[in-house]
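**Q**
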Amino acid sequence: MNSEQNIYEQLGESAGLRRIIETFYGNVVQEPLLAPLFPEDIQPVIERQQQFLTQFFGGPPLYSEQHGHPMMRARHMRFPVTNERAEAWLACMNAALQENEVEDELREFVIARLKGPAYHFVNTP
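Sequential numbering of the sequence shown, starting at 15, is according to this note's numbering.
1) How would you write the range of the alpha helix (DSSP H) that M91 sits in, first residue to last?
2) Taking the CB atoms as reference points, tell me whether I56 and I35 lie closer together than 8 Å.
3) If you drop the 5 nearest sequence neighbours on each side, which residues of the same chain put their C-beta closer than 6 Å to that of E115?
4) Hey, which unbroken runs of the alpha helix (DSSP H) at 4 residues or more fall wholly within the region 62-121?
5) Tell me whether G40 sits in a helix, a strand or coil according to DSSP, three-state version.
6) With H, G and I counted as helix, E and B as strand and the rest as coil, what does DSSP make of I125?
7) Please state the DSSP three-state secondary structure of Q57.
8) Measuring CA to CA, which of E27, E119 and T138 is closest to Q65?
9) Whose C-beta lies closer than 7 Å to the C-beta of L76 among residues of the same chain, with five residues either side of it excluded?
10) If you measure between the beta carbons of L128 and L104, is that distance less than 8 Å?
11) Taking the alpha-carbon of M85 as reference, which of L31, P131 and T138 has the nearest alpha-carbon?
12) Can you tell me whether N126 is buried or exposed? The criterion is at least 16 other CB atoms within 10 Å of its CB, across all chains shown.
Below, the structure written as structure tokens:
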């Protein structure tokens, strides 16, 4: 891990993050716990995720510029998010990072950073 770069830069900025996100959603649509939560046309979701993770990982504030304050918990309240689904989401992201050959230390750091939000969205027992 390079402490002189933010996570966004370490993941390869826009192009690197895009590869990870596309791999991630390829995993999500195959995951029985998660697939039902997403629309058939996943492209708009990919675009918003790109904007959000760019901002979340230290890149330009694309999400806020396009959509205002993220308010991610509120935006996810309409979906039944369980602990099991949060774990599946994190597993899909972990797999996407591995598939894109993100070094272990950075991958573990990214997953640790995403755990907080993933479990914060849980709204269903």
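All C-beta atoms, glycine included, are put in the ideal place defined by N, C-alpha and C.
**A** According to the structure shown:
1) M91 -> no alpha helix (DSSP H), and no H or E assigned at all.
2) No, Cβ-Cβ distance for I56 and I35 is not below 8 Å.
3) Nothing listed; no residue qualifies.
4) With a minimum length of 4 residues, the continuous alpha helix (DSSP H) runs that stay inside the region 62-121 are 76-81, 86-90 and 97-113.
5) Helix.
6) It is helical.
7) Helix.
8) Comparing Cα-Cα distances from Q65 to each of E27, E119 and T138, the minimum goes to E27.
9) Residues of the same chain with a CB within less than 7 Å of the CB of L76, apart from the 5 flanking positions on each side, are Q65, T68 and Q69 in chain order.
10) Against a cut-off of 8 Å, the Cβ pair of L104 and L128 comes out as a contact.
11) The candidate whose alpha carbon is nearest that of M85 is P131.
12) Reading off the sequence shown, one finds Ala at residue 126, where the question assumed Asn. Counting the other Cβ atoms within 10 Å of the Cβ of A126 gives fewer than 16, which makes it exposed.
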